[in-house]
Each structure stands twice: as structure tokens, then as C-alpha cells.
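Start counting the sequence shown at 6; every next residue gets the next number (our numbering). Comments concern the structure below.
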Amino acid sequence: MKLFLRDQWPFAAFFLVQLILLIMIFAMDGYWNESLMIYVMFLSVFFAGAFLAIRYLSHRTIYQRLSKPVESLEELTQTYGNSPLCRAMDDISQEQYRLYKEQLHAYENKQRDHTTFIQQWVHQMKTPISVIHLLLQNEDDPTAESVREEVDRIKRGLETVLYIARLDRFEQDFLIEPVTLRSLVQNVLAENKRLFIRNQVYPEVKVDENWRVESDDKWLAFVLNQLLTNAVRYSAGKSNKVTIRAYERGAHAILEVQDYGIGIPAEDIRRVFKPYFTGENGRKYPESTGMGLYLVKEICGRLHHGVEMESEVGEGTTVRIVLSAVVPTLQESKIAES
């Protein structure tokens, strides 16, 4: 109603000015009949009001929709009414919705083709990397070790690219099932064995072998891999230990990765989960991309897991994955221990 009044106030003002001028003309001409003038004014106001009322009722749907935000694009397909203006609005809305769907479909196809290309390219790159690993198996000289280090770095980069591409189709590529945390941690540590040895950092695992949680094994392993890579990178040269532990907190299981490295400045803590943010530590370690913790946050959010972080400069960083469900085996293992 407010929008209608704001839209029609020029007409109302024009009508009142015209009525006043008409009365003044009659008065200056010497023709003045008070009763007749009041009657004419009443009829004019009545018909003008009736006109506005009819106009509002015929276009009420338009004004109501324009007065509130659109909650879904499907609202564009709803009819406005039967008046010529309403039918014209219906035609425009239907055409806009059709164009939007066409453009969205084209964009989705383009994104799908791009994702498919990235995945195929990453898989093709894995083949020469595997060949290089085989060629270096029996080589122990410093040059071979340096090549192995660079190959591992390329491999981690390719994995990151692959998971970024898969993130767009996350709903089609995950399976929630019981995951044994101890086995998950051991597998990820085995994949990063050379990284730990090269940086002279050693893992301390405090995870019960019977603990299981509801999650996706592949995505959770990638999350843990990102956390361990960061922990080792920022511990090298300062501390020789990274602790991985699991414990129960209320109805949840907590998977925690703690390092004793350089830590993160307080002003960077709130932004470390943003894409491409590297912060002060990123200037010290040029290989930082700012995507690792962003992917951790995104993946955990889609798995309905929480992420917590504590850090102190010079003391280290602790990242906790709050797993949303604990399977009965967790409680059974506690009984077995007692």
C-alpha cells in the first residue's frame, strides 16, 4: 500500500491543484454557489478516490511483490493479474526467467567441462610422477632426494587442485560411513612419511584403535593431510614433534592436530580460513597458497563437522575437527579399557 501511495501522489497532487484552479476560475467569474461548489468537490474527490481504489485492486499483486524481496526465482513465474499491465509484467517475468535458466544451464555445462578437464589433466600428470618415483627408488644421492622433494610437492599441489575441482560436485562424491580414526591417521602419516623425515619432525599419535566416527573416509583423510602438512611446515627448525590425538567431548569426537611451531599471529586467526589468505606466515614461507585451511573449512562444513583453531606465536597451533557423530564402538572401547 505504501508503494502505491508513493507511486500515485503526483496524480493526487495534480488532481487537487486542478480542482483548486477550477474553483478559483468560477469564483473570479462571479459565479459562486457554495452548495454547488461543495457538491462538485465531493463528486470529484469521490470519483478520483474510486479510480485510485480500482487501480490499486487491479494492480495490488504488482505492488505487493515489489514491496518485499524475492525469496526464490520461481516467484518470477507467478502471475500478477488480468489487467493489461499485469499481463505485460507476466510476459516480461517469464522471459527473464527463461533467459536466466538458459544462462545458468550454459554456465553449469561450462563449469562441468572445466572440472572434467582439470580432473583428467591431474590424473594424466600422476602417471609421469609415478614413473619419476620408480626411477628414484634406488637412488640415494642428494640430487635424487632433492628431486623426490620437488615431486612430492608437485603431487600435493595436484591433489589440492583435484579436490578443489571435486568440491563443486561434493554432493555426488561423498559417502558417510563409520571411519576408524586410528587407521585413517596411520594411512595419512604413511603418505607423508618422507615429509616428516625430511623436516625432522615426528608424529605422536594418541588415538584409540577402536574409535570410529561417522564421516567420509576420503574427504576426512584429505582434511587431515592438509592439517599435517601445515603442522610439519611450520614446525620444521623449531620443534620436532606433531601430536595427533582423539578424544570425546560431550556427544562428539574430537580429532586434534597440535604442533609446537611458530604459531599464527592473533590478527590472522580470523582470516586463515579465507581463500588465498596467507598472512604473515605466508611471507616467510613462499610455498603457502592460502587454500589449505580454506578447503579444510569448506569440506568440514559440507560434512557437518566443526573446525576450531587456537594458536599462539612462538608456541604452536592446535586445530580441532569436531566430528558430528560418534558410533557405538567409541563407547564400547571405553568399556573394554576399563
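Beta carbons: idealized from backbone N, C-alpha and C, even for Gly. Quantities reported herein were computed from a predicted structural model and do not represent experimental measurements.
| Query | Result |
| --- | --- |
| Shortest alpha-carbon distance to I326 belongs to which of E272, I259 and V237? | I259 |
| Quick check for students: name the residue ranges of the beta strand (DSSP E) that lie wholly in the stretch 171–251, counting only runs of 3 or more. | 182–185, 207–211 and 217–220 |
| Taking just the CA atoms, how far does L141 sit from P208? | 25 Å |
| What whole-angstrom Cβ distance do L229 and L189 have, given they're in contact under 8 Å? | 7 Å |
| Name the one or two DSSP bridge partners that M314 has. | V324 |
| At which residues does the alpha helix (DSSP H) containing D273 begin and terminate? | A271 to I274 |
| Which of helix, strand or coil does DSSP assign to H110? | helix |
| Could you tell me the boundaries of the beta strand (DSSP E) in which E144 lies? | Segment: none, E144 is in no beta strand (DSSP E) and carries neither H nor E. |
| Helix, strand or coil: which one does DSSP assign to A258? | strand |
| Identify which residue in F175, A195 and G284 has its Cα closest to the Cα of H309. | F175 |
| Give a yes or no on whether the C-beta atoms belonging to N347 and L233 are separated by under 8 Å. | Residue 347 falls outside the range modelled here, since the chain spans only 6 to 343, and no answer is possible. |
| L109 to F201, Cα distance in whole Å? | 46 Å |
| Go ahead and pull the three-state DSSP assignment for D264. | strand |
| Please classify V22 as buried or exposed, where buried requires at least 16 other C-beta atoms within 10 Å of its C-beta. | exposed |
| In chain order, which continuous runs of the alpha helix (DSSP H) of length 4 or greater are located wholly inside the stretch 39–66? | 39–63 |
| Do V277 and G268 count as a contact pair if the criterion is CB distance below 8 Å? | no |
| What's the C-alpha gap between V318 and L298? | 18 Å |
| Should V206 and V156 be called a contact, given that it needs their Cβ atoms to be closer than 8 Å? | no |
| Using CA atoms only, rank isn't needed, just tell me which of E182, G35 and M94 is closest to H64. | M94 |
| I'd like the span of the alpha helix (DSSP H) that includes L300, first residue to last. | G297 to R307 |
| Please state the DSSP three-state secondary structure of E100. | helix |
| Would you list the residues sitting across from E253 in a DSSP beta bridge? | A258 |
| Is it the case that the stretch 208–226 contacts the stretch 145–165, given that we only count it when at least three CB pairs across the two stretches are under 8 Å? | no |
| Residues in the same chain with beta-carbon distance under 8 Å from I274, minus the five sequence neighbours each way, listed in chain order, please. | M314 and S316 |
| State the Cα-Cα distance for the pair A32 and Y61, rounded to the nearest angstrom. | 34 Å |
| Can you give me the Cβ contacts of F227 inside the same chain, cut-off strictly under 8 Å, excluding the 5 residues immediately before and after it? | E164, Y168, L300 and I304 |
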